[in-house]
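Numbering follows the UniProt record's numbering, in which position 716 of the sequence shown is assigned residue number 716; successive positions increment by one, without gaps.
Heads up, the beta-carbon is just placed ideally off N, CA and C, and yes, glycines get one too.
First comes the structure, then the notes that go with it.
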Amino acid sequence: MGSAAQSIDTIWVLICTILVILMQAGFTCLESGLVRAKNSINVAVKNVMDFCVAGLGFWLVGFGLMFGFSIGGFFGSTNFAFNGPSAGASPELAWVMVFFFFQLAFCSTSTTIVAGAVAERMNFHGYLITAAVLSMLIYPVFGHWAWGGVLSGEAAGWLELKGFIDFAGSTVVHSIGGWIALAAILVIGPRIGRFGPGGRRIEPHDMPMATLGMFLLWIGWFGFNGGSTLALNTSVPYILVHTMLAAAAGGVAVMGLSWARSGLPDVQHTLNGILAGLVAITANCHIVDMNTAVLIGIGGGIVCFLASELLERLHIDDAVDAVPVHLAAGIWGTLAVALFGDVSLFPNGHSRFDQFLVQAQGVLAAGVFAFGVAFVVLTIVNRFLSLRVSADAERIGLNVVEHGASSALLDVLGAMEAQASRGDFSKPVHVEPFTEAGEMATRYNLVLDKFNSEVRKREQTANDLRDARDVAELANASKSQFLANMSHELRTPLNAIIGFSEVMNGELFGPIENERYKDYVGDIHKSSSHLLSLINDILDLSKIEADRYELYEEELDVMDVVASCERMMRHRADEAGVALKVTVEDELPLLMADKRALRQIVLNLVSNAVKFTPKGGLIQLGAFMEPDGRMAFRVADTGVGMSKKDIPIALEPFRQIGKDSNVYSTEGTGLGLPLTRALARLHGASLVIESEPGEGTTITIRMPYSRVLQTAVRRIA
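And the structure:
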């Protein structure tokens with residue numbers, strides 16, 4: 001090689017190396033923007049320090065393991081603590097230094113992938129351990145398998161000897177970083193609040209910063225792929241164009257997917273789609289054409305999107321989707337070598353199928369080795385030295401806890417979060433004058449003032465309501481006492497009147513022959529009985545409302561209760577000219593209930609049905625078991641019915657539907673249904689009303705399962 005050509009190639013690779021190092025700035029901006037503000041400084045510092053750790057580790061151990069003299073194709077054995085040629089050496093020797101510099105930048109890129117995945121909950125020392133293991137062991141060993149002979153020009157690694165192709169590192173750099181990131185996030189677990197009850201997607205705090213990071217990565221990738229030629233030759237323009245097209249295709253594909261799914265183009269998914277397209281084209285950019293570069297980019301974006309959805313379903317928390325971007329798209333790009341690459345450029349004369357098997361073997365080897373070693377090492381380390389910060393540290397934020405770093409914005413956000421956690425918004429937050437954070441604090445304090453003003457108003461309203469409630473309860477108690485006293489005072493003379501009217505109609509004085517007097521006595525008896533029934537209903541409803549009604553529960557034979565009600569209502573039904581049909585299911589179980597209350601429920605329902613069913617109509621009273629084990633009572637009539645809007649009125653005490661209407665005008669006080677519902681609720685039963693105007697009404701009372709005794713009552717016909 002001529003010295004001029006050597007110099008051009010050296011300059012080209014050095015420029016590409018600087019572009020690859022620029023990707024560190026891209027990762028820093030991307031990951032810092034995609035996490036919450038309280039962790040952004042921590043993520044940025046981790047990106048700085050993993051570059052330092054990777055640089056020293058690769059110099060000390062990694063370069064020797066990766067490019068030293070091969071031991072069986074598995075790892076290198078020379079060039080540890082690499083000491084390159086001195087300044088002023090020949091161009092050939094200086095080239096070794098250029099190559100070392102370029103490969104060091106690649107190692108740091110693979111290392112920093114992990115920082116985003118484990119962001120917001122991995123402690124600083126744990127991350128440094130991870131970076132050291134990656135850069136000094138996992139990355140260089142697998143790199144030797146795939147690229148061990150690049151410096152010497154002769155294949156050395158066992159995958160390299162099989163013909164494995166990974167031009168710029170879809171697997172060597174990106175999948176290795178992705179496998180280690182996956183192992184780390186499985187060991188440390190998801191962030192607090194990410195999954196489980198109330199879990200949610202944690203939103204980025206600075207998407208423009210993340211977008212800037214993506215652009216820096218995109219620009220750096222031209223050095224990543226273009227520099228992997230290790231020479232400024234005619235293939236470079238094609239490689240750069242393929243890199244550009246794949247990235248654009250990946251971004252458009254993922255934007256379209258997110259748009260179709262949610263109705264809006266998701267920004268974070270779109271950025272990751274671009275990066276996934278770049279990762280996918282990295283392995284194959286030198287052996288594909290422009291059309292297939294676009295297809296590979298689209299495939300990378302789609303694979304990344306689907307992998308992100310899969311991780312979320314599995315409750316695996318990757319803070320920046322590093323695993324979908326670098327692992328999933330890296331696997332796709334490595335396999336795409338065989339699917340879309342120029343067969344004539346495959347080594348060892350492989351067919352497309354043979355090359356696919358080799359590529360799949362490389363992908364599998366990377367997964368088993370990188371994930372396996374990382375998971376075992378991190379699990380052991382985590383047992384003795386926790387890799388995760390405490391729950392309190394995670395809530396406060398790693399900027400403050402791990403670095404003592406804060407800012408006016410973080411102080412305001414911290415004060416707001418503290419108020420939210422305590423539920424105390426009585427005091428304003430501190431305002432730092434002449435800053436954007438101070439403006440935010442000022443606006444927040446205005447909201448607090450308004451909020452506290454509304455709270456005071458609501459408290460006053462609540463106090464007024466409590467006072468009104470106390471007055472109402474006192475009035476209700478007075479009403480109940482009054483009704484109880486008045487009912488007692490009224491019942492005594494009414495019982496006397498009823499008794500005398502019965503005596504007058506009896507045989508003591510002989511039958512009354514004067515028809516007029518006979519009617520008078522009948523009216524007296526009927527009116528006093530109705531008034532006594534009304535007083536009893538009022539008193540019962542009043543006791544229920546005052547929570548003073550006591551149930552006297554006993555084991556009841558439902559047939560006996562229904563039969564007694566039938567005897568009491570049969571005469572009224574006959575007088576009204578309506579048919580009364582009673583059906584009781586055979587062998588009904590016993591029912592635990594208040595006999596008087598249950599009889600009152602049935603009598604009220606049948607009485608209402610008689611009142612509102614025209615002559616010639618039908619009333620059906622039934623008792624039966626529901627499929628779910630509850631016992632039900634049903635009264636159905638063919639009466640006037642009522643509309644849905646009238647049903648709530650019918651359930652209000654002393655209310656009657658359409659009092660002035662000819663349809664509904666009938667005797668009564670409107671206490672039957674309200675009292676029935678109240679008595680049903682005391683038993684824990686439900687009441688359902690189905691009614692249509694002109695078609696009739698069906699009312700069903702369903703007793704709870706707990707009141708149904710499992711022993712059936714057998715009757716002999």
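V288 Cβ short of 7 Å to the ligand HEM heavy atom set: In the structure on display, the ligand HEM does not appear, and there are no ligands present to speak of.
Entirely enclosed alpha helix (DSSP H) segments - the segment 232-312, minimum 4 residues: 235-262 and 267-282
Proximity below 8 Å, CB of F164 to CB of G362: Here residue 164 is taken as the residue at index 164 of the sequence shown, counted from 1. Here residue 362 is taken as the residue at index 362 of the sequence shown, counted from 1. Their beta carbons are under 8 Å apart, which means F164 touches G362 by this criterion.
Whole-angstrom distance between V96 and W59, CA atom to CA atom: Numbered from 1 along the sequence shown, position 59 holds the residue referred to as residue 59. Numbered from 1 along the sequence shown, position 96 holds the residue referred to as residue 96. Going by the C-alpha atoms only, they are around 13 Å apart.
Through-space distance from T78 to T112, alpha-carbon basis: Along the sequence shown, one-based indexing puts residue 112 at 112. Along the sequence shown, one-based indexing puts residue 78 at 78. Near 26 Å, if we compare the C-alpha coordinates of T78 and T112.
Option nearest A131 by Cα separation, candidates E120, V377, K162 and Q620: Walking along the sequence shown from the start, residue 131 turns up at place 131. A131 has its Cα closest to that of V377, out of E120, V377, K162 and Q620.
Sequence-distant residues of the same chain with beta carbon closer than 6 Å to F101, five excluded per side: The residue given as residue 101 occupies position 101 in the sequence shown. Once the five neighbours on either side are set aside, the close Cβ partners of F101 are T17.
Complete beta strand (DSSP E) runs within the segment 599-655 (minimum length 3 residues, chain order): 618-625 and 631-637
Contiguous alpha helix (DSSP H) assignments of at least 4 residues, all confined to the segment 2-30: none
Meets three-Cβ-pair contact criterion under 8 Å: the segment 114-121 and the segment 337-356: no
Cross-strand partners of S70 (DSSP beta bridge): As a position in the sequence shown, residue 70 is number 70, starting the count at 1. Beta-bridge pairing links S70 to G76.
Run of the beta strand (DSSP E) containing I701, from where it starts to where it stops: Within the sequence shown, residue 701 is the residue found at index 701, counting from 1. First-last of the beta strand (DSSP E) with I701: G696 to M703.
I185 beta carbon less than 8 Å from that of D317: Here residue 317 corresponds to residue number 317 of the sequence shown, with the count starting at 1. Here residue 185 corresponds to residue number 185 of the sequence shown, with the count starting at 1. In contact: D317 and I185 (Cβ atoms closer than 8 Å).
For F74 and residue 744, believed in contact at Cβ under 8 Å, the rounded distance: Any answer about residue 744 is impossible in this case: the structure gives the chain only from 1 up to 717.
Exposure of R567, with buried meaning 16 or more beta-carbon neighbours within 10 Å: On the sequence shown, residue 567 is found 567 positions in, with the first residue counted as 1. Answer is exposed; the Cβ neighbour count stays below 16.
For R200 and A597, the rounded distance between their alpha carbons: One-based indexing of the sequence shown puts residue 597 at position 597. One-based indexing of the sequence shown puts residue 200 at position 200. Those two C-alpha atoms are separated by around 52 Å.
P208 (DSSP reduced to helix, strand or coil): Position 208 of the sequence shown, counting from 1, holds the residue named residue 208. P208 falls in the helix class under three-state DSSP.
Backbone CA spacing between A391 and A247 [nearest angstrom]: In the sequence shown, residue 391 corresponds to position 391, counting from 1. In the sequence shown, residue 247 corresponds to position 247, counting from 1. Taking the straight line from one Cα to the other gives about 38 Å.
Contact belief for D166 with A283 at Cβ below 8 Å, rounded distance in angstroms: Counting from one through the sequence shown, the residue named residue 166 turns up at place 166. Counting from one through the sequence shown, the residue named residue 283 turns up at place 283. Their Cβ separation, rounded to whole angstroms, is 5 Å, which keeps D166 and A283 in contact under 8 Å.
DSSP-derived helix/strand/coil call for S170: Taking the first residue of the sequence shown as position 1, residue 170 is located at position 170. Note: S170 maps to helix in three-state DSSP.
Exposed unless 16 or more other CB atoms sit within 10 angstroms - verdict on G263: Locating residue 263 in the sequence shown gives position 263, counting from the first residue. With fewer than 16 other Cβ atoms within 10 Å, it is exposed.
Among D321, G639, G153 and P140, the one whose alpha carbon lies nearest that of A210: Counting from 1 along the sequence shown, the entry for residue 210 is found at position 210. Taking only the C-alpha atoms, the option nearest A210 is D321.
C-alpha distance - F69 paired with G62, whole-angstrom precision: Position 69 of the sequence shown holds residue 69. Position 62 of the sequence shown holds residue 62. Rounded to the nearest angstrom, the two C-alpha atoms are 13 Å apart.
Local conformation of I524 per DSSP, three classes: Numbered from 1 along the sequence shown, position 524 holds the residue referred to as residue 524. Of the three classes helix, strand and coil, the one that applies to I524 here is helix, per DSSP.
Alpha helix (DSSP H) segment containing M49, residue limits: Start at 1 with the first residue of the sequence shown, and residue 49 comes out as number 49. From DSSP, the alpha helix (DSSP H) with M49 extends over A37 to G57.
Proximity to G622 [Cα-Cα], best of A441, T700, G629 and V688: Working through the sequence shown from its first residue, we reach residue 622 at position 622. The option with the nearest alpha carbon to G622 is T700.
6 Å Cβ shell around I8 - same chain, five flanking residues per side excluded: Here residue 8 corresponds to residue number 8 of the sequence shown, with the count starting at 1. Cβ neighbours of I8 beyond the five flanking positions: L232.
Segment contact, 8 Å Cβ cut-off, at least three pairs: the segment 635-646 with the segment 681-697: yes
Pair within 8 Å by beta-carbon distance, A280 and S228: Position 280 of the sequence shown, counted from the first residue, corresponds to residue 280. Position 228 of the sequence shown, counted from the first residue, corresponds to residue 228. Not closer than 8 Å, so no.
C-beta atoms of residue 721 and M207 nearer than 8 Å: Residue 721 falls outside the range modelled here, since the chain spans only 1 to 717, and no answer is possible.
Residues bridged to T583 [DSSP beta-bridge criterion]: Reading the sequence shown from its first residue, position 583 is the one you call residue 583. According to DSSP, which records beta bridges pairwise, T583 is partnered with G622.
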